[in-house]
Structures are given as C-alpha cells and as structure tokens.
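Residue numbers (full-length UniProt numbering): 1 to 216.
Just so it is clear, CB atoms sit at the ideal spot from N, CA and C, and this is done for glycine as well.
In this text the structure is predicted, and so the values were computed from the model without any measurement.
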C-alpha cells in the first residue's frame with residue numbers, strides 16, 4: 001500500500017509538469033562491505049583496472065566493456081544518470097577500491113518500474129558479499145525509498161551464471177523474448193526477463209540479509 005501511495009504521488013507530478021526525471025535520483029548508497037557511488041568520468045581508469053582483473057568482456061553472451069571501450073561505456077552511463085537512470089561504481093568499503101559497476105535502466109517514472117543491470121565485477125570479488133550487498137542496496141533504494149511497484153532483470157538466455165545469480169535473489173522468470181537483440185559479435189540474443197514485485201520485496205530482503213550475514 002505504501003508503494004502505491006508513493007507511486008500515485010510520482011504520477012501526479014509527471015502528469016502535471018511532464019516527465020522531468022522526478023523519480024530516481026543519483027546518490028551514494030552505503031552498506032557494510034560496499035559503497036555504490038554515482039559514476040563519473042573520473043572513474044574510467046579505475047574501472048579499466050577492475051575489468052582487467054579477469055576477461056569477462058571476452059564472453060560472447062556477456063555485455064561487459066573491454067578496456068579500450070571503457071571511456072564510451074562510462075560516458076553513456078553518466079548521460080543515462082542525467083536522464084533519470086542512476087548509474088554507480090561499486091567500491092569495497094575496506095579499501096575504497098572500485099571493483100565494478102551497476103545501474104538502473106528502463107526507468108518508467110509513470111509506472112514506478114525500473115530494471116537493474118549493466119552489472120559486472122572484477123574476478124577477485126565474484127562469489128563474495130559484493131554482489132549480494134550491492135543488489136540489496138539498489139533494491140532497498142528502489143522499493144523502500146522510491147516506492148517501486150516492480151523491478152526487472154534482463155539477461156542473455158545463455159548467460160547461466162547471470163541467470164543463476166538473479167534467481168538466487170528471489171526473482172521470478174516472466175518469460176523469454178526470442179531474437180530480442182543483436183550482439184556486438186553479430187549473434188542474436190534471446191533475453192530472459194525476471195521480476196520482483198513490491199509485495200515480494202520483504203521476503204527477498206530477508207533472504208538477502210541472511211546471505212550477507214553468512215559472509216561476515
């Protein structure tokens with residue numbers, strides 16, 4: 001009910017003054033082990049270092065920028081944030097080191113709906129608390145602070161690692177969009193669509209907090 005009230009307030013503003021990106025705002029989201037900081041062009045070099053910790057950009061089913069394309073990747077993320085879809089670098093709290101990125105996209109103010117994606121991490125922090133707490137901070141901000149009605153995750157049908165991680169969050173598979181996108185290598189991507197609804201957030205939250213606790 002709280003989510004619906006907040007959503008109606010957003011709708012009222014959108015209808016009265018037009019869509020001026022009134023919903024999600026860029027801000028620092030701080031947890032125990034990670035800090036999500038609004039992305040800036042000044043982060044390019046540190047992100048290049050992070051992506052070089054591994055070779056994720058070589059995976060044909062992943063959408064991870066190679067080092068030589070990082071400048072353009074960050075440039076688009078910064079522009080996206082200006083247009084109401086906040087983007088973040090992920091930092092580890094213990095050493096303030098950038099270890100990846102994540103962001104909101106497909107943000108629909110009028111319907112209080114957004115997607116989380118463009119997430120990738122340095123190899124050294126994969127299968128650690130980093131992803132769980134990052135997702136927790138994003139979802140808490142989306143559902144509790146901004147009253148979202150639903151959240152989406154989209155990934156390549158064949159990206160099993162990503163699909164498993166999404167399912168472990170508690171998201172449910174809505175379906176698969178066939179021949180949905182053309183990848184950079186020319187292959188055709190089928191996209192798996194997952195979602196979490198506002199009334200599902202409390203149980204998802206408890207599950208995430210338990211996972212985060214197990215890492216400590």
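> Measuring CA to CA, which of 157, 90, 23 and 175 is closest to residue 30?
Replying inline: Nearest option by C-alpha distance: 90.
>> So if DSSP puts residue 65 in a beta bridge, which residue, or which two residues, is it bridged to?
In response: DSSP lists no partner for residue 65.
> Helix, strand or coil: which one does DSSP assign to residue 214?
Replying inline: Reduced to three states, the DSSP call for residue 214 is helix.
> Whose C-beta lies closer than 6 Å to the C-beta of residue 120 among residues of the same chain, with five residues either side of it excluded?
Replying inline: The beta carbon of residue 120 lies closer than 6 Å to those of 56, 64 and 100 in the same chain, with the five residues before and after it left out.
> Which same chain residues, not among the five before or five after residue 97, have their C-beta less than 7 Å away from its C-beta?
Replying inline: Around residue 97: 91.
> What does a CB cutoff of less than 7 Å around residue 165 pick up in its chain, not counting 5 residues either side in sequence?
Replying inline: Excluding sequence neighbours, residue 165 sits near 131.
> Where do the ends of the alpha helix (DSSP H) carrying residue 71 lie?
Replying inline: Start and end: 70-82.
> Using the C-alpha atoms, what's the distance from residue 208 back to residue 107?
Replying inline: Cα-Cα distance, rounded: 23 Å.
> Is the beta carbon of residue 194 less than 8 Å from the beta carbon of residue 133?
Replying inline: Here residue 194 is not near residue 133, since their CB atoms are 8 Å or more apart.
> So residue 152 is in the beta strand (DSSP E); what residue range does that whole segment cover?
Replying inline: DSSP places residue 152 in the uninterrupted beta strand (DSSP E) bounded by 150-156.
>> Which of the three DSSP states is assigned to residue 163 in this structure?
In response: Here residue 163 sits in helix by DSSP.
> With burial defined as no fewer than 16 other Cβ atoms inside 10 Å of the residue's Cβ, what is the status of residue 103: buried or exposed?
Replying inline: Residue 103 comes out buried.
>> If contacts are defined as beta-carbon pairs under 8 Å, then residue 66 and residue 129 qualify, I think. What distance do you get, rounded to the angstrom?
In response: That belief does not hold up - the Cβ atoms of residue 66 and residue 129 are roughly 27 Å apart, past 8 Å.
>> DSSP three-state label for residue 174, please.
In response: In the three-state scheme derived from DSSP, where H, G and I count as helix and E and B as strand, residue 174 is classed as strand.
> Out of curiosity, what's the CA-to-CA distance linking residue 87 and residue 135?
Replying inline: About 13 Å.
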